[in-house]
Amino acid sequence: MLRKIANYLTQPLGPVTRLLGRSSAPALPVPEIHSREHHDISRRDMSRAALNVLYGLNKGGFEAYLVGGCLRDILAGEKPKDFDVVTNATPEEVQKLFRRARVIGRRFKIVHVYFGQEVIEVATFRALSEPDEREESEHGMILRDNIYGSIEEDALRRDFTINALYYNIDNFALYDFMGSMEDIRRKRIRIIGDPDRRYREDPVRMLRAARFAAKMQFELDPATEKPIHQLGLSLHQVPAPRMFDELLKLFLTGHALASMKALQQLGLLEILIPESGKHLHDRDSGIIWQKLIEQACINTDIRIANERPVTPAFLFAVLLWPAVVARTEKHIEHGLPFAPARQKAAGQVIHAQNEITAIPKRFSQVIREIWDVQLRLDKRQGRHAEILVADQRFRAGYDFLLLREQAGEIEPGLGDWWTHYQEEDEHGRLEMVRQLGKSAGPAKKRRRRRRKPAGPA
Ligand code: ATP
Ligand code: MG
Numbered sequence: 002m003l004r005k006i007a008n009y010l011t012q013p014l015g016p017v018t019r020l021l022g023r024s025s026a027p028a029l030p031v032p033e034i035h036s037r038e039h040h041d042i043s044r045r046d047m048s049r050a051a052l053n054v055l056y057g058l059n060k061g062g063f064e065a066y067l068v069g070g071c072l073r074d075i076l077a078g079e080k081p082k083d084f085d086v087v088t089n090a091t092p093e094e095v096q097k098l099f100r101r102a103r104v105i106g107r108r109f110k111i112v113h114v115y116f117g118q119e120v121i122e123v124a125t126f127r128a129l130s131e132p133d134e135r136e137e138s139e140h141g142m143i144l145r146d147n148i149y150g151s152i153e154e155d156a157l158r159r160d161f162t163i164n165a166l167y168y169n170i171d172n173f174a175l176y177d178f179m180g181s182m183e184d185i186r187r188k189r190i191r192i193i194g195d196p197d198r199r200y201r202e203d204p205v206r207m208l209r210a211a212r213f214a215a216k217m218q219f220e221l222d223p224a225t226e227k228p229i230h231q232l233g234l235s236l237h238q239v240p241a242p243r244m245f246d247e248l249l250k251l252f253l254t255g256h257a258l259a260s261m262k263a264l265q266q267l268g269l270l271e272i273l274i275p276e277s278g279k280h281l282h283d284r285d286s287g288i289i290w291q292k293l294i295e296q297a298c299i300n301t302d303i304r305i306a307n308e309r310p311v312t313p314a315f316l317f318a319v320l321l322w323p324a325v326v327a328r329t330e331k332h333i334e335h336g337l338p339f340a341p342a343r344q345k346a347a348g349q350v351i352h353a354q355n356e357i358t359a360i361p362k363r364f365s366q367v368i369r370e371i372w373d374v375q376l377r378l379d380k381r382q383g384r385h386a387e388i389l390v391a392d393q394r395f396r397a398g399y400d401f402l403l404l405r406e407q408a409g410e411i412e413p414g415l416g417d418w419w420t421h422y423q424e425e426d427e428h429g430r431l432e433m434v435r436q437l438g439k440s441a442g443p444a445k446k447r448r449r450r451r452r453k454p455a456g457p458a
């Protein structure tokens with residue numbers, strides 16, 4: 002999570018950099034300053050570490066502000082996830098002030114200041130225009146004037162008005178350059194500057210718009226929403242690891258269902274998971290897939306609300322499942338037996354998805370295991386059930402099976418059997434498996450086949 006602002010701030014901005022460089026600079030905004038008695042941000046809302054950094058900078062003779070998401074969250078009555086600080090001190094100056102501080106980033110440096118477990122990100126006010134790549138490589142360093150700016154410029158570069166408030170530790174006042182307070186009060190998400198240009202400059206802002214709408218239950222301003230419907234595909238140009246991080250923030254921070262709905266409403270779900278997204282519109286199975294993913298989101302949100310662990314692997318296993326099923330069917334039509342068809346489909350789906358959201362190996366491995374367990378859950382005879390239930394992937398695979406039954410993808414029954422099996426003691430389990438042997442089905446067939454060669458002798 003802490004990488005996020007660093008990622009953003011160190012991303013080359015491409016088109017806009019040049020554009021701003023060429024055109025005359027936009028007029029700088031004048032802040033509305035709300036003194037302490039006119040706003041609800043208290044130092045009690047801030048972490049010890051954030052306050053230490055703010056005071057440390059201030060004592061060192063620099064300006065120090067809390068900025069962005071943390072203020073938005075406090076004003077909306079939520080607990081901030083982390084605290085971001087901006088200052089007029091350069092990263093090197095910041096580093097000198099704190100014992101445990103590390104400068105990170107290449108193009109635009111920021112400082113991580115550590116206090117115990119907490120990390121505070123400290124950025125220097127960012128300028129509107131930046132040197133282009135050529136200038137950077139020729140000189141080997143970026144000229145200070147080109148890269149660091151004023152608080153006004155910094156405000157103009159932020160994404161949404163709700164993320165552009167500044168709290169000055171010097172006088173405890175809130176600086177509102179963009180009508181942020183009003184937008185937070187009206188629960189309205191408004192992008193700063195020309196919407197079309199700001200999304201082209203960094204398409205991730207479209208996902209951020211969806212995320213804040215979902216997380217805060219805010220409305221997107223019509224002008225902020227409109228270009229998203231046209232520009233969604235530009236997300237495919239964003240580096241896949243960054244996309245993965247954004248997806249986690251959308252789906253694994255307690256508001257997955259709302260995120261899913263917001264993404265669908267904006268036409269972005271199909272861009273994030275194109276293959277599965279396409280099948281959500283299938284005439285017969287579309288409703289099932291929609292239900293499957295929604296239910297997974299609901300379960301994820303409940304787990305997070307109960308502070309239980311969640312893994313991205315399970316969520317991705319669900320999100321990609323419609324594509325796996327569809328591809329499996331295709332391979333079967335082309336003559337592959339079921340199991341190899343499933344294996345092949347699984348590999349292909351993960352491979353294709355990696356192009357969009359790079360799924361780290363440690364998760365894609367687990368995703369495939371969860372899918373593999375789906376095949377194994379059916380084979381319960383002999384020692385199969387006993388072995389599977391002890392498998393470290395059993396639990397996730399079993400949860401996945403329940404979801405599939407719940408969504409109506411498969412007939413209910415198998416899930417119940419496994420629920421029951423887990424509740425039984427050793428003797429009960431053996432009996433359950435024995436009962437299976439008695440009922441007609443694949444087990445019987447297999448036994449008959451095995452006996453065959455012995456018959457004639
Ligand atoms: P949260 O921490 O809940 O995810 P946040 O708004 O704090 O939300 P961060 O990613 O922590 O999001 O970013 C901190 C601040 O940096 C934002 O509030 C915003 O002002 C600015 N910011 C982040 N990403 C972008 C972006 N892509 N474009 C412009 N400004 C951004
Ligand atoms: Mg933040």
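All you need for my numbering is the position in the sequence shown, starting with 1, plus 1.
The beta carbon of each residue, even a glycine, is placed where N, CA and C say it ideally should be.
Between residue i and the ligand ATP, is the CB less than 7 Å from at least one heavy atom?
i, result
"Asn53", "no"
"Gly70", "yes"
"Val367", "no"
"Lys110", "no"
"Arg206", "yes"
"Asn164", "yes"
"Lys250", "yes"
"Asp283", "no"
"Asp160", "yes"
"Arg49", "no"
"Arg127", "no"
"Arg209", "yes"
Among the options, which one has its Cα closest to the Cα of residue i?
i, options, result
"Leu175", "Ser43, Glu425, Leu376", "Ser43"
"Ile294", "His280, Ile305, Ala306", "His280"
"Pro323", "Gln366, Val95, Gly416, Ile411", "Ile411"
"Gly150", "Leu166, Leu157, Thr162, Phe126", "Phe126"
"Tyr115", "Leu251, Val95, Leu129", "Val95"
"Asp177", "Arg198, Asp155, Pro196", "Asp155"
"Trp372", "Gln344, Leu389, Ile388, Arg381", "Gln344"
"Ile152", "Arg206, Val86, Phe245", "Val86"
"Asp379", "Gln366, Ala340, Arg369", "Ala340"
"Gly278", "Thr254, Asp302, Phe317, Asn169", "Phe317"
"Arg384", "Gly336, Glu370, Leu437", "Leu437"
"Thr329", "Asn355, Gln296, Arg309, Glu276", "Glu276"
"Thr312", "Val325, Asn355, Ile368", "Ile368"
Whole angstroms are fine: how far does the CA of residue j sit from the CA of residue i?
i, j, result
"Gln265", "Leu321", "16 Å"
"Tyr66", "Ala391", "53 Å"
"Thr91", "Lys227", "38 Å"
"Asp426", "Val239", "52 Å"
"Ile121", "Asp285", "50 Å"
"Glu64", "Arg103", "20 Å"
"Asp400", "Arg363", "20 Å"
"Ala51", "Arg73", "16 Å"
"Asn172", "Glu38", "11 Å"
"Asn300", "Gln407", "12 Å"
"Leu249", "Phe84", "19 Å"
"Val350", "Ala314", "14 Å"
"Lys439", "Trp418", "15 Å"
"Ala77", "Met217", "8 Å"
"Leu221", "Leu404", "32 Å"
"Ile357", "Glu424", "41 Å"
"Arg23", "Lys97", "Any reading at Arg23 must be qualified, since the residue scores a pLDDT of 39, below 50, and its modelled position is unreliable; the value itself is stated next. Cα-Cα distance, rounded: 36 Å."
"Ile360", "Arg212", "20 Å"
"Arg381", "Pro413", "16 Å"
So, helix, strand or coil for residue i, using DSSP?
i, result
"His230", "helix"
"Ala211", "helix"
"Phe245", "helix"
"Ile34", "strand"
"Asn59", "helix"
"Arg44", "helix"
"Ala165", "coil"
"Val86", "strand"
"Phe364", "helix"
"Ala475", "Outside the displayed span of the chain (2 to 458) sits residue 475, for which this structure offers no information."
"Ala472", "Residue 472 cannot be examined here, being either before or after the span of the chain that is shown, 2 to 458."
"Leu175", "strand"
Assuming residue i and residue j form a contact by the criterion Cβ under 8 Å, report the distance between their Cβ atoms to the nearest whole angstrom.
i, j, result
"Leu270", "Met261", "7 Å"
"Arg430", "Ala386", "7 Å"
"Ala346", "His332", "6 Å"
"Asn164", "Gly69", "5 Å"
"Arg159", "Ile193", "6 Å"
Any chance the CB of residue i is under 7 Å from a heavy atom of the ligand MG?
i, result
"Lys82", "yes"
"Asp46", "no"
"Asp203", "no"
"Asp85", "yes"
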